[in-house]
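Taking it in order: structure first as C-alpha cells, then the write-up.
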Amino acid sequence: MMVADTADLNSEVHARSTEIKKMLVRIKDRNALHSHNNGRGSLPLPHSKLTPSTKPFLSRSEMDNIHQYTDGVAANAVLLCGFTAFFAVEPDEDTPPWLSGVYFCSAVISLSLNMYVVVTANLLGALGPTYGLNGKSESSMHEAVALMKKERKKMMTFFEFGAAFFGLCQLSATWVVADTYSSAICTAVLFLGFLYIWSETRRLKREFRFDEFHESEEAFKIANSCRAQSSRNGKIRKSELEEEAGKRMSAEKFLNSGESFRVRESIEMDPMSKTRR
Numbered sequence: 094m095m096v097a098d099t100a101d102l103n104s105e106v107h108a109r110s111t112e113i114k115k116m117l118v119r120i121k122d123r124n125a126l127h128s129h130n131n132g133r134g135s136l137p138l139p140h141s142k143l144t145p146s147t148k149p150f151l152s153r154s155e156m157d158n159i160h161q162y163t164d165g166v167a168a169n170a171v172l173l174c175g176f177t178a179f180f181a182v183e184p185d186e187d188t189p190p191w192l193s194g195v196y197f198c199s200a201v202i203s204l205s206l207n208m209y210v211v212v213t214a215n216l217l218g219a220l221g222p223t224y225g226l227n228g229k230s231e232s233s234m235h236e237a238v239a240l241m242k243k244e245r246k247k248m249m250t251f252f253e254f255g256a257a258f259f260g261l262c263q264l265s266a267t268w269v270v271a272d273t274y275s276s277a278i279c280t281a282v283l284f285l286g287f288l289y290i291w292s293e294t295r296r297l298k299r300e301f302r303f304d305e306f307h308e309s310e311e312a313f314k315i316a317n318s319c320r321a322q323s324s325r326n327g328k329i330r331k332s333e334l335e336e337e338a339g340k341r342m343s344a345e346k347f348l349n350s351g352e353s354f355r356v357r358e359s360i361e362m363d364p365m366s367k368t369r370r
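With this note's numbering as the guide, the letters of the sequence shown map in order to residues 94 to 370.
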C-alpha cells in the first residue's frame, strides 16, 4: 500500500511540475512578445490615445504642411539674399556718410535675417520629423508639431523684417546712384508699394486667422496625457514583472520541495538505508 501511495504521490508531483514548467514557458513567451512589440519594454498605448480623430493637426500631414511652409519661406529668403548681394552698389566720394551707413547696415541686417530663415527652415525640416519618429516619449510627434509651429511663427517674423530691411537697402541704393529728382520719384513709388503690401498682408492674416494658441495648448495637453499614460503603463508593467517573478520563485520552490520529497521518500523506502541506520 505504501508503495502504491508513493507512486501516486510521485506522479502527482510530476504532473504539477510539468504544469508549472508550461506556465513558466508561457510567461517567458509573453515577455518576449511584449519586448518585440515595444522596444522599451512597456505596454503599447492604444491608437486613440496618441492621435485623436478630433485633432487632425497632430498627424503626420500637419508636419508635412509645416515643412512645405518653411521650405517656401526659405526659398524666398534665399532670393532676397541673392538680390541684396547681386545688386550691391559702391557709394561715390561725395555720398553723405549717413547715407552710406544706412545702405550698408540695411544690407547686412537683411542678409543676416534672411540667412537665419534659411538655416532655421533646414533645421526644422531635418530635426522635426526625426524627433517626432524617434523621440524618447510616446508623445514625441505631438511635441515636434507644437515646436515646429512655434519656430514657424518666429521664422516668419524674421522674414518680414528681412524683407523690410531689403526694401530700405534698395531705397538707400537709389539715393546713392541716382539724382535727387529720380530718387524722390522712386522713394514715393516704393513707399506706396510697401504700404499696399503691408495692408494686404494684414488683410490676408486676418482672413485666414484661427485660434492657433488654443490648438497648441490642446497639443501640449494631449502630449502630457500621453506621457502620463506611458508612465502608468510602465508602472503596470513593473507590477506585472514583479508578480511574474514571484510566481517563478514560488514555482521553483515548489519544484525543489517536490524533488526533495521524492528523494526523502526513496531513502525511507530503501531497505539498505534502514539497515544502515
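Ideal Cβ placement from N, Cα and C applies to all residues, glycine included.
Who are the near neighbours of residue i in its chain, counting only those whose CB is closer than 6 Å to its CB and skipping five residues on each side?
i	result
Ile-202	Phe-258
Gly-221	Ala-237 and Met-241
Glu-155	Val-238
Leu-204	Cys-174 and Thr-177
Please report the distance separating the alpha-carbon of residue i from that of residue j.
i	j	result
Val-210	Pro-190	30 Å
Lys-247	Ser-265	27 Å
Gly-260	Asp-272	19 Å
Val-182	Leu-173	16 Å
Ser-292	Lys-229	44 Å
Ser-135	Ser-233	Because Ser-135 carries a pLDDT of 39, less than 50, the predicted location of this residue cannot be relied on, and the following value inherits that uncertainty. Their Cα atoms are separated by approximately 16 Å.
Gly-286	Gly-225	42 Å
Ser-276	Asp-157	45 Å
Tyr-274	Ile-290	25 Å
Leu-138	Asn-227	Annotation note: pLDDT 38 at Leu-138 (below 50); position unreliable, coordinate value reported separately. So the alpha carbons of these two residues sit roughly 16 Å apart.
Arg-296	Thr-188	39 Å
His-235	Thr-223	13 Å
Arg-299	Phe-180	34 Å
Met-208	Met-249	13 Å
Assuming the contact rule is C-beta atoms closer than 8 Å, residue i and residue j should be a hit. Round their C-beta distance to whole Å, please.
i	j	result
Glu-253	Thr-213	The Cβ separation is near 14 Å, so there is no contact.
Met-418	Ile-159	Examination of residue 418 is not possible in this model, given that the chain is present from 94 through 370 alone.
Ser-199	Cys-262	4 Å
Gly-255	Ala-178	Not confirmed; about 13 Å, so no contact.
Val-269	Tyr-196	6 Å
Leu-206	Phe-251	5 Å
Cys-279	Thr-267	5 Å
Could you give the DSSP three-state label for residue i: helix, strand or coil?
i	result
Glu-193	Rather than Glu, the amino acid found at residue 193 in this sequence is Ser. Here Ser-193 sits in helix by DSSP.
Pro-184	coil
Asp-423	Absent from the model: residue 423. The displayed extent of the chain is 94 to 370, so no value can be given.
Gly-228	coil
Arg-302	coil
Leu-138	Residue confidence for Leu-138 is low, a pLDDT of 38 falling below 50, so the modelled location carries little weight; the figure read from the coordinates is stated next. Coil.
Thr-111	helix
Phe-150	At Phe-150, the pLDDT of 43 sits below 50, so the modelled position is not reliable; the number obtained from the coordinates is stated separately. Helix, per DSSP.
Can you name, in chain order, every residue of its own chain whose Cβ lies under 8 Å from the Cβ of residue i, other than the five neighbours on each side?
i	result
Gly-218	His-160, Thr-163 and Asp-164
Asn-215	Ala-167
Pro-184	Leu-192, Ser-193, Tyr-196 and Val-269
Is the CB of residue i under 7 Å away from at least one CB in chain B?
i	result
Thr-280	Checking the listed chains, one finds no chain B in this structure; it contains a single protein chain.
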